[in-house]
Amino acid sequence: MDVEKVFHMTGGVGKTSYAKNSSLQKKASDKVKHIIIETVEELYIETTPKSIGIADLGCSSGPNTLSIIKDIFQTIQVTSHKIMHHSTEFRVYFNDLPTNDFNSIFKALPEFQKLLNQDRKNGFPSIFMGGYPGSLYGRLFPNSYLHFVHSSHCLHWLSRVPPTIYDEQKRSLNKGCVYICDKSPEVVSQAYYKQFQEDFSLFLRSSLKN
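Counting in this note's numbering, the sequence shown runs from 2 upward without gaps.
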């Protein structure tokens, strides 16, 4: 199965959509919000860039990603006024697999932009936002392109089904389960563990180049 072509959260804004069923993820994100704010503030003070690149990897299609970007925007705005630095423009990249419902995000951007504009003071610089489809388990951006990368509830997904969970006849060794369960043999657990090691190592190597 080609995960990149078939895997995505339920799009749209209906009752079964990710947008309507991601409150748990929002609560988890809110619990680490103070860490994000502190990190962004320190980063901005140390670098004071004229153009700051921000990416949300695995953004999905709900309101959570816009909430995170708003927090980052407001943090930098407040910090820039503190240190009397007002020339930073924003580049925001929403990343997920190509099958993600980016249209739901794009449709929400005009209202989101208005919301941000209400908080802008003294001609605060422009914000450029766009979708950036592709797997985070690989190179996504040019060198030195980003200043801050956010990813929440995403890296636990594997890039593919571990090939070694199948026998020579392509039959699953993990019968009756699509994840590691009580019935899973040790070889299945090791297969998932090895796949995670490969994926996460690739993610770290790729991130260092962004």
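Glycine included, C-beta positions come from ideal geometry on N, C-alpha and C.
For E42, DSSP records no beta bridge to any residue. Taking each of Y180, V79, K71 and V93 in turn and checking the Cα distance to W158, the smallest one comes out for Y180.
Between the alpha carbons of P99 and N144 lies a gap of roughly 22 Å.
The shortest CA-to-CA distance from L67 to any of G132, G15 and E90 is the one to G132. Between Y138 and S153, the CB-CB gap reaches or exceeds 9 Å.
Sorting G59, H35, S81 and N104 by C-alpha distance to the C-alpha of P50 places S81 at the top. Using a Cβ-Cβ distance cut-off of 8 Å, the stretch 174-190 and the stretch 63-77 are not in contact, since fewer than three pairs of beta carbons, one from each stretch, lie closer than that value. Annotation: E112 to M130 spans about 13 Å, alpha carbon to alpha carbon. With distances taken between CA atoms, F95 lies nearest to L58 out of E39, I77 and L58. Excluding sequence positions up to five before and after F74, its CB lies within less than 8 Å of the CB of F91, L117, D120 and I128, all in the same chain and listed in chain order. Residue burial is scored here from C-beta neighbours: S52 has fewer than 16 other C-beta atoms within 10 angstroms and is therefore classed as exposed. In this structure, DSSP gives R161 a state outside helix and strand, which the three-state scheme calls coil. Within the DSSP bridge table, the entry for D57 names F95 and H151 as partners.
Counted as a single uninterrupted DSSP element, the stretch harbouring I77 is not any beta strand (DSSP E) but the alpha helix (DSSP H) occupying residues N65 to K83.
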